[in-house]
Each structure stands twice: as C-alpha cells, then as structure tokens.
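Engineer: Below you will find the structure I want to go over with you.
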Amino acid sequence: MAALAFGQKATDKIRLNQVGFYPSTEKVAIITDSTAKEFFVLDAKTKEKVFSGVLKPMGIWEYSEEFSNKADFTKFNKTGTYIVSVPGVGDSYPFQISNQVNLTVGKASLGFLYYQRASTALPAQYAGKWARPAGHPDDQVIVHASAATATRPEGTKINSSKGWYDAGDYNKYIVNSGISTYTLMALYEQYPKFFDTLKLNIPENTNNIPDLLDEIRWNLDWMVTMQDEDGGVYHKLTNTNFDGSVMPADATNGRYVIMKTTAASLDFAAVMAVAYRVYKKTDKAFSDKCLKASIAAYDWSKKNKSVIYNQGVMNQKYNPDINTGAYDDGNVTDEFQWAAIELFIATNQTKYAEDANIEFTLRTEFELPNWAKVNTLGLYSLIQNRDNLPEEFAPTLELVKTKVLDLASKLQKYQVNKSAFNVAMGLSNGNFNWGSNSTAANQGMLLMNAYKLSNEGSYLTAAISNLDYLLGRNGTGYCYVSGYGSKQVMNPHHRPSEADGIVEPVPGMLAGGPNPGQEDAGTCTGKYTTKVPAKSYIDEQCSYATNEVAINWNSPFTFLCLSIEATKGRK
C-alpha cells in the first residue's frame, strides 16, 4: 500500500489497548467525538499504510458521555508495531501485534507482588532501580488488647513476618489477602502447564518450584502466623495509624495483631483449603499443614459465627486506638459458603457440602466477587475440580455451571449489543466505584472461567475487551498499569513510589481507576475536573480514591492478562 504522510500528532481521542493485540483476536479502537469516516493502520516506524477501514458509529457511551466511532482492524494480523491514524483527528499511541503480547505486562503485574514483600530487602538483581532495604521484620508483633487471650495476653509478642503489603500502605490484612491469594492460586490451578515454565525475576527462581507458587507462598507463610492457638485468625497486622510517605525501612512504628474475626477466619479457611490441593505436589508437608489450619479456622468460625470487625466499637473498648483499613465485612454468609465449598473439595466430606447449601443459594445470591463477596469464588473452584467430586454431586454441579455462564453472559451481551466502547465493563453504573478497575478485571476473570467451561469464543472476546479497557480503551485514555503504554500512570498513591526519589513508579501496578464518589476530594483540592463516571480519575499521589494500588486489584488483572496469554499466546 502507498505511504501516507499526514504528519498528525498523537492524540488520546483514539482509545485503544496501548500494549497491543494477538494476531488472531479482535482489534478495536474507539475514536471519540469525531465526524471522521475512515481510518488507517500505519507502520509505526515507516508510516506506511498497511490497512484501511470505515469507522462505525457506536453512539454515546453513557459512562464517559462521549460519542464513539469504532475502528475494527481485526482482519489485519501481521506482527509488528503500528498506530491507528484518523484524518483530522490524529494518530493513536503505538501498539504491538504480537504472538505473546500480554506476557511482559502480565509478568510485571505479577512482579508487583515481589515489590510488595514485607520483611525482606529487595536487591537490585531482582528489583532493579527500585531496590530497597528491608522493612517491617514483623518478628516482634504485639498482641493488641482486642486479640488477647489467657495464653496470649495483651502485650505478648509474636513472629508474623513475610506477607505482602496490602496496598499503598504497609499493613497486612487477612480479609483482603483472602481473595488476592485465592485468585492467584486459581490461576495456577487452571493453567498449570503454562506456569510450570513461567520464570519470574525473584530470588526463588532456581528452586524447581513454579515461580508463581513461590510468590504466593510468601503471603501464605505470613497468613499461617496469623492463626491463634484456638484456630481463630487475627483480622489484620497493622500500625495504629497509616504511615506517611516513607520507605519501608524508615517506617518503624509498633505493629499489632488485632482481634480475631469470623470473616478473617473463614477467608483463611478457604485459602488454606485451596493451598492444600495446589501445593500437594510440590510440598506435601506444607500442604497438610494448610489443611489442618483450614479445618481449625472453620471449626472456630462455627463456634463464633458473628464476630464482626467494627473498628469504632473496638476503639471504644480497647487501647491503643487503631485507625487503619477496616475491611469490616458485616455479612459472613458468603464466607461460610466459600470456606465450606473449598473444604468439601479438599476432603470430599459431605458435611461441608451440606454446610455450603449450594443449591438453595444458587437461586439468588451469587454475584461478581470482591473482597466482601466471595462465594462465587467457590463456584470457580467447583468447576475446576468437577472431575474429583462425588458422583452424587453431579446435578448440583450442573446448576453451578449454569450460574457461572448466566453471570458471564450478561457481560458478554452488554459488550456486543450495548456498549458504545465495545467493552464488557459498564454493565451498570455501580461498576464505577472505588477500585473500579478491579471490577473490570474480575469481570474478565469471570468471563475467562466461562470460556474455559464452555469453549464459547464470545466469552474470550468479552474478556479481552476488558483487558483492552484497562490498557487504554476507556474514558480517560490512560493505560492503567504503571510502566506500560504511552499515557501512563505516573503518580500512584503508593508509599514506596512516593518516597523512593525515582521518577517512575514501581512497574506493574493497576491503578484503582475512575470513581465518581471522589472520597478524597478534600485531600486533592481542585484536582478533579468531572464526576462523569468513566472520567472521574486523576493521576495524583493524593488520590487514594482513584489512584491507589492494592493486591486485590492487581491479582484479578494478573489472572485476566496471563490466562489470556496462556490461552492465545504462541512462542
């Protein structure tokens, strides 16, 4: 084809995945607020025209309030680096068409957890310019008055080292570790061959254990220390208040384990039951330890069915006051169900299936997972382990399959039939809340589970559409993963990235994303310019409501990105 010489500037009015596409999958860009009729795909280096097409009007996307035109270049499948060019509008940011297009960003997302490791130094060999000294040894953690027992009275010191820092802060929370750690173990369980050979740049990468399992183990080793002798599990390990913008080694305030709760104990029970089956082949002793810990936590929870974390009430009763993240889940019926399902899979004991009461709740009470709503995770596990379940469970399993496909089909139909941006994200206005990008990622995880179950390609396409959303085809034009894309997140609410003196933030972090609630508007005075749902985002360190990072946001992104790579990637 003849070369073009528009000489146009890059513009974020052309929204697309700034990382790129596989040769064989859908390739879409959205052009906003334009009357243009045609588009071209150009070689990014030579500017040679390699593909042309007609723009398709898609209407107004209600969440960004922009009129959109779709550029569909799915038929173009030659590997290389390209831009989309629209006469009179401009050129897109560059993107790749590659057989392993998600491998690097997926590994970076997983690598974020290495940067979040507590109780260890990060040498330059593994952390590059983000190397840092060790912080938070957590080997002298104080038992808070709320957690005191006769055998562990107030002031007792315990070793609770390792684990991942939860988010932009330096505390460690069992409830949020629950869904985060599960998501990554499910990723391994579903794609073991891919992860058996995937190498990460971590200290354990020569020990003949899959590196994904090594990284997860860092957090599991901490979680095990959070179980009291009676089986109950401490809600969190924390300072009394959030640290300022300092490096881990400079954050030396006292650390406490806080009261045992039903939610923490059940999340722990579920995760340890999964760890039992996932680690059985690589470390049987650890696997058996996990199952024993799971049963003990579950039994404690059955005796303590409604010990709910209420930080305000706790602070009225005990000193010192604790003013860090609450993860105060007031309804633990879904946690009971999830833990019972995972123990049923682990043991094949019908008492756990009876506790789960799956058939009854399948009628109404399953939805997209988040840290406070976890029973759908149990459905994923049942489907993945369906060949190992008792034969008499088969009728219930069919209901489970139907429920998962029903949840996924709503997203798929919205993506195809209603979304002006051609993404599954945006099924409802509630998708745009605190941590909205994790909603998009968890939707993608659901869709990938549906694809694996049904082999129906439309679910895979919808899942990829949400990856496209997170990497640039969205209301702001940002690639929401630090270190990637042309319009990058540069100022996340993440203490090491704020305090290390390095311009670029730690790579591989998924920003929280658009949130019209703007709970930090008082802190970020004058920074927000709109409350339009898909645009209510600011790349500012002050913005904990849109620009913080968290392990439970990165984990489903990692699942989405690397499950697609395991499915579509080719060497």
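Note that this note's numbering has the sequence shown beginning at 0, numbered continuously upward.
Where is the CB? At the ideal position from N, CA and C, for every residue including glycine.
Everything numeric in this text was worked out from a predicted model, so none of it was measured.
1) In whole angstroms, give me the CA-to-CA distance for R14 and Y351.
2) Report the start-end ranges of each alpha helix (DSSP H) in the region 298-340 that is 4 residues or longer and not cut off at the edges.
3) A419 and I59: beta carbons closer than 9 Å?
4) Just verifying my parser: in three-state terms, what is the DSSP assignment at F66?
5) How many Å lie between D220 and G162 at the Cα?
6) Ordered along the chain, which non-local residues of its own chain (more than five positions away) have a Cβ less than 6 Å from that of A268?
7) Give the secondary structure of C541 by DSSP, where H, G and I count as helix, E and B as strand, and everything else as coil.
8) If you reduce the DSSP assignment to three classes, tell me which class L199 lands in.
9) For L559 versus L426, is the C-beta distance shorter than 9 Å?
10) Whose C-alpha, out of L404, L211 and A544, is nearest the C-alpha of F194?
11) Could you tell me if V53 is buried or exposed, where buried requires 16 or more neighbouring beta carbons within 10 angstroms of its beta carbon?
12) Considering just the uninterrupted stretch of the alpha helix (DSSP H) at T566, what are its terminal residues?
13) Is I501 buried or exposed, if buried means 16 or more other CB atoms sit within 10 Å of its CB?
14) Helix, strand or coil for W221 per DSSP?
15) Less than 9 Å between the beta carbons of P491 and V548, yes or no?
16) What's the C-alpha gap between A565 and E503?
17) Could you pull the DSSP bridge partners for A28 from this structure?
18) Do you know offhand how far T150's Cα is from T395's?
19) Can you check the region 84-154 for any alpha helix (DSSP H) of at least 4 residues that lies completely inside it and give the ranges in chain order?
20) Which residue spans inside the region 334-388 form an unbroken beta strand (DSSP E) run of at least 3?
21) If you pair each beta-carbon of the region 222-232 with each one of the region 184-191, do three or more pairs fall below 8 Å?
22) Does the beta-carbon distance from P532 to G474 come in below 9 Å?
23) By DSSP's criteria, T237 is part of a beta bridge. Which residues make up the other side?
24) So N318 packs on A144, CB below 8 Å; how close in whole Å?
25) Threshold first: 3 residues or longer. Then list the beta strand (DSSP E) segments lying entirely within the region 36-63, N to C.
26) According to DSSP, A9 sits in a beta bridge with which residue or residues?
27) Along the chain, where does the alpha helix (DSSP H) containing Y477 start, and where does it finish?
28) Once DSSP output is grouped into helix, strand and coil, what is the label at E547?
29) Do the region 123-137 and the region 87-103 touch if we need at least three Cβ pairs shorter than 8 Å?
30) In the DSSP output, which residue or residues are listed as bridge partners for V415?
31) Would you report the Cα separation of A107 and L561, rounded to the nearest angstrom?
32) List the residues that DSSP assigns as beta-bridge partners of W163.
33) Taking E188 as part of the alpha helix (DSSP H), name the residues at either end of that continuous run.
Structural biologist: Taking the geometry as given:
1) 48 Å
2) Correct list: 310-316.
3) yes
4) strand
5) 7 Å
6) S293, A296, Y297 and A338
7) coil
8) coil
9) no
10) L211
11) exposed
12) I550 to K567
13) A residue is called buried once 16 or more other Cβ atoms fall within 10 Å of its Cβ, and I501, having fewer, is exposed.
14) helix
15) yes
16) 29 Å
17) Paired residue(s): A70.
18) T150 and T395: Cα-Cα distance of roughly 44 Å.
19) 102-114 and 123-126
20) none
21) Too few Cβ pairs lie closer than 8 Å, so no.
22) Result yes, Cβ atoms of P532 and G474 sit closer than 9 Å.
23) Y255
24) 6 Å
25) 37-42, 48-53 and 55-60
26) According to DSSP, which records beta bridges pairwise, A9 is partnered with D90.
27) Where Y477 is concerned, there is no enclosing alpha helix (DSSP H), given that its DSSP letter is neither H nor E.
28) strand
29) The answer is no - the region 87-103 does not touch the region 123-137, with fewer than three Cβ pairs under 8 Å.
30) Per DSSP, none; premise fails for V415.
31) 11 Å
32) R116
33) Per DSSP, E188 belongs to the alpha helix (DSSP H) from I173 to Q189.
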